[in-house]
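K.L.:
If you're matching them up, the sequences are chains E and W in order. Residue 694 in the working numbering sits at position 126 of the first sequence, with consecutive numbering throughout. Residue 379 in the working numbering sits at position 375 of the second sequence, with consecutive numbering throughout. Ideal Cβ placement from N, Cα and C applies to all residues, glycine included. Just so you know, these numbers come straight off a predicted model, no measurement behind them. The structure is given below, and queries will be raised subsequently.
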Amino acid sequence: MKYKDIRIDHRIILGMIESHSAVLDLGCGTGELLSILIKEKNVRGQGIEIDEKAIYKCVAKGLTVSHEDIDSGLAEYNDKSFDYVVLNQSLQQIRNVNAVLEDALRVGKRVIVGFPNFTYYKVRLQIFFYGKTPVTGALPYQWYETPNLHFLSISDFISFCQLKKISIEKSLFLNKKRNIAILPNLFAQIGIFLISKQPLRAMEVYF
Amino acid sequence: MTIEKTNPEEITIGISQIHYFTFDGLTLENDEKLAPVTIAYETYGSLNIEKSNAILIVHALSGDSHVAGIYKGENNPGWWDNMVGPGKAFDTNNYYVICSNVLGGCKGSTGPSSVNSKIGKPYALDFPLITINDMVNAQKRLIEHLGIEKLLSVVGGSMGGMQVLSWLVRYPEKVRSAIPIATTVRHSPQQIAFDEVGRQAIMADPDWKFGNYYEGSPPDKGLAIARMVGHITYMSDTSMAEKFGRQKKNNTQPFKFIADFEVEGYLRYKGDNFVKRFDANSYLYITKAMDNFDASHGKPLSEVLEGIKAKVLVIAFKSDWLYPAYQSKEIVKACKLAGIEATYCEIDSTYGHDAFLLEVEEETNLISHFVENVFYGYEVTGEYEI
């Protein structure tokens, strides 16, 4: 597989992670990202996943994966067991976001969070003009079948980090094909954050 | 690797041969000496030159060394035949598979029905109380006898899983991977309670005679009842409903308490069959060994797993209420705390505890890839979809 074939959010995460580090992927699905990280960055990777069929695919890829809920699967790791804990596209499906993020920041030295931005302009337009729950590329589900429990925006997440005194070390905003530099809360479909509990010398100001 | 789905009844590995290894003796965990000791075992496939492809399969309460294939002139395949053979989960084209009868058993290994050489009669209750660790020590002697330094994997379900944990905790340098299935670090009171009902049924049988029945008729009734209780705990509410419903048998006997329902007939049949192949005293000794087992001797399991390099695959089954998934999760939790790479899967099955013998496709999926990865070293294989 060529670099350009790697999904854009995976590419971003690949760029955030240092070689030979230990990575825990929460909601690792069929192990796509973990496989890429192991291949490209020689990480020591593990995953947690709730879907049984996905577990079989992970095991077939040679991955170490635990079949359980993210909400309950984190408590059992020692502090700083991993260099990175990844929550890509799974944050919005977790019951207790606050507790999981806190635990992720305990278990990992850094946490990478990626989620669909609920205030992407097309989402706003759908709500505004049709008066219906939006269905987009990043939010592809009808309201009655969505696994998403939380709908948050990039601004929401930044406020959350400020409130909880979580440092945002890096942040990237994307649509399907490229990075979004201007007004990400309006124009980005996805936000990816590298966060930690380590205080940064100067908190970056985004807006 | 692709797994070909085969009809297990049609394809076995072929004729299997039972071997016996007799050695000077064992000092048991309780410091008693048992000498000499014979271990019955079978092997499948062949050991490679590096001796790096040996897999030890350890059996459950009522199992034996006959894990796959058929004996000459018989047609009962081994108890895990659909998992062991060419192209199966434990692919005998690649691996050397060993299975031995446990110490205390009655299928060729030294147990209470074996002749005590000092008195020329079966041990009966003179047989010392054995433990799961003693069973593993005997297996270790066998492995050494076969010239194997390190096992590629040790695998087993139920009581077999306890032996796997014992191997992992006590001889971590001897195993590259461990696969405990539908098992526990230690029995819960509920598990001990069911074992005790079985033991009481045997001991209440007047034919038991404090274990000295080898010259007369054995306590078949008691052992059959023990087995009936066992079978109830191996199934689930759902699997029983699916298998038997409330179907009644056509029975014309004049007795009032005949086996009206199919489930009754099934349990009686299973009980009556079991006594033909199992020794009641072995049942007492082995269930006691299970009840007394504690993989970490009261300490947190994570503490005793610290620093272990072996890879672990833990498998549980959703409808297993005898060895519920939470007990398997405890193993996973301990591995996480100890920093051991552990893969865990809770297979969605309705078969109850029996699932570990029945969910062949799912187990094959997990085990074949897991063992393959340990064998060939770590490598991300296959195409990943984008």
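What residues from chain E crowd round N377 (chain W), counting only those whose CB sits closer than 7 Å?
P.N.:
Chain E residues near N377 (chain W): G630.
K.L.:
Could you work out which residues of chain W lie near I623 (chain E), taking near to mean beta carbons separated by less than 7 Å?
P.N.:
Within chain W, the residues near I623 (chain E) are C349.
K.L.:
Quick one: does D352 (chain W) have its CB under 9 Å from some CB of chain E?
P.N.:
Interface residue, yes.
K.L.:
Measuring only between beta-carbons, confirm whether N98 (chain W) sits less than 9 Å from chain E.
P.N.:
With 9 Å as the cut-off, N98 (chain W) does not count as an interface residue toward chain E.
K.L.:
Would you check if there are 3 or more beta carbon pairs closer than 8 Å linking the stretch 371 to 380 of chain W to the stretch 161 to 168 of chain W?
P.N.:
Output reads no: the stretch 161 to 168 of chain W does not touch the stretch 371 to 380 of chain W.
K.L.:
What residue range does the alpha helix (DSSP H) around N296 (chain W) cover?
P.N.:
N296 (chain W) -> alpha helix (DSSP H) spans 284 to 296.
K.L.:
Using a Cβ-Cβ cutoff of less than 8 Å, which residues in the same chain neighbour N747 (chain E) once the five nearest sequence positions on both sides are dropped?
P.N.:
The answer, listed in chain order, is L740, F741.
K.L.:
Do N105 (chain W) and A44 (chain W) have their C-beta atoms closer together than 9 Å?
P.N.:
Closer than 9 Å, so yes.
K.L.:
Please state if the CB of N666 (chain E) and the CB of A756 (chain E) are separated by a distance shorter than 9 Å.
P.N.:
No, the pair does not count as a contact, with Cβ atoms beyond the cut-off.
K.L.:
Where does A208 (chain W) land, buried or exposed, given buried means 16+ other C-beta within 10 angstroms?
P.N.:
A208 (chain W) should be labelled exposed.
K.L.:
Would you call T96 (chain W) buried or exposed, if buried means 16 or more other Cβ atoms sit within 10 Å of its Cβ?
P.N.:
Label assigned to T96 (chain W): buried.
K.L.:
Please list the partners that F2 (chain W) has in chain E, where partner means a Cβ-to-Cβ separation under 7 Å.
P.N.:
Any question about residue 2 (chain W) goes unanswered here, given that chain W covers just 5 to 390.
K.L.:
Would V633 (chain E) pass as a contact of T368 (chain W) if the rule is Cβ separation under 9 Å?
P.N.:
Against a cut-off of 9 Å, the Cβ pair of T368 (chain W) and V633 (chain E) comes out as no contact.
K.L.:
Taking C-beta to C-beta, are L150 (chain W) and T47 (chain W) nearer than 9 Å?
P.N.:
The answer is yes: Cβ separation under 9 Å.
K.L.:
Taking any Cβ of chain W, which residues in the stretch 702 to 736 of chain E have a Cβ under 9 Å from it, in chain order?
P.N.:
Within the stretch 702 to 736 of chain E, no residue qualifies.
K.L.:
What residues in its chain sit with their C-beta under 6 Å from that of L673 (chain E), if we drop five residues either side in the sequence?
P.N.:
Once the five neighbours on either side are set aside, the close Cβ partners of L673 (chain E) are V679, K765.
K.L.:
Along the stretch 323 to 339 of chain W, what residues have a CB closer than 8 Å to any CB found in chain E?
P.N.:
Against chain E - using a Cβ distance shorter than 8 Å - the residues of the stretch 323 to 339 of chain W are K333, V336, K337.
K.L.:
Mind the definition here: the stretch 285 to 299 of chain W touches the stretch 190 to 202 of chain W only if three or more C-beta pairs lie below 8 Å; say whether that holds.
P.N.:
Short answer: they touch.
K.L.:
Can you list the residues of chain W that V654 (chain E) reaches, using a CB-CB cut of under 7 Å?
P.N.:
Going along chain W, no residue has its Cβ under 7 Å from V654 (chain E), so there is no contact; the nearest lies around 16 Å.
K.L.:
Please compile the residues from chain E whose C-beta is within a distance smaller than 7 Å of the C-beta of G161 (chain W).
P.N.:
What G161 (chain W) touches in chain E: nothing, since even the nearest Cβ is about 17 Å away.
K.L.:
If you draw a straight line from the alpha carbon of T354 (chain W) to that of L169 (chain W), how long is it in whole angstroms?
P.N.:
If I take the Cα positions, the gap works out to 25 Å.
K.L.:
Would you grab the beta carbon distance between D264 (chain W) and K253 (chain W) for me? Rounded to a whole angstrom, and I think it's under 8 Å.
P.N.:
That belief holds up - the Cβ atoms of D264 (chain W) and K253 (chain W) are roughly 7 Å apart, short of 8 Å.
K.L.:
Indicate the three-state DSSP secondary structure (helix, strand or coil) for S727 (chain E) in the structure shown.
P.N.:
Note: S727 (chain E) maps to helix in three-state DSSP.
K.L.:
With a CB to CB cut of under 6 Å and the five nearest residues on each side skipped, what residues in its chain are close to V773 (chain E)?
P.N.:
Confidence at V773 (chain E) is low in this model, with a pLDDT of 46, below 50, so its placement is unreliable and the value that follows should be read with caution. Once the five neighbours on either side are set aside, V773 (chain E) has no close Cβ partner at all.
K.L.:
Between which residues of its own chain and Y571 (chain E) is the CB-CB distance below 8 Å, once the five residues before and five after are set aside?
P.N.:
These residues qualify, in order along the chain: R579.
K.L.:
Cutting at 6 Å between CB atoms, please list the residues of its own chain near W84 (chain W), excluding the five before and the five after it.
P.N.:
Around W84 (chain W): V71.
K.L.:
First and last residue of the alpha helix (DSSP H) that includes Y238 (chain W)?
P.N.:
Counting along the chain, the alpha helix (DSSP H) containing Y238 (chain W) begins and ends at 224 to 238.
K.L.:
Ordered along the chain, which non-local residues of its own chain (more than five positions away) have a Cβ less than 6 Å from that of A408 (chain W)?
P.N.:
A query on residue 408 (chain W) cannot be resolved here, the shown segment of chain W reaching from 5 to 390 and no further.
K.L.:
In whole angstroms, what separates the C-alpha of N277 (chain W) from that of A228 (chain W)?
P.N.:
Answer to the nearest angstrom: the Cα atoms are 8 Å apart.
K.L.:
At least one CB of chain E closer than 9 Å to the CB of A186 (chain W): is that the case?
P.N.:
No, because no Cβ of chain E sits closer than 9 Å to the Cβ of A186 (chain W).
K.L.:
With burial defined as no fewer than 16 other Cβ atoms inside 10 Å of the residue's Cβ, what is the status of Y624 (chain E): buried or exposed?
P.N.:
Classification for Y624 (chain E): buried.
K.L.:
For L326 (chain W), which residues of its own chain have a beta-carbon under 6 Å away from its beta-carbon, when the five flanking residues on both sides are left out?
P.N.:
Cβ within range, chain order: T237, H357.
K.L.:
Taking Cβ-Cβ distances shorter than 8 Å, what residues in chain E pair up with A346 (chain W)?
P.N.:
Per Cβ cutoff of 8 Å: T632, S634.
K.L.:
Straight-line CA distance for T598 (chain E) to L592 (chain E)?
P.N.:
Whole-angstrom Cα-Cα distance: 14 Å.
K.L.:
Between L156 (chain W) and chain E, is there a C-beta pair that is closer than 9 Å?
P.N.:
False, the Cβ-Cβ gap to chain E never drops below 9 Å.
K.L.:
Taking the alpha-carbon positions, what's the K213 (chain W) to L642 (chain E) distance?
P.N.:
Cα to Cα, the separation comes out at about 54 Å.
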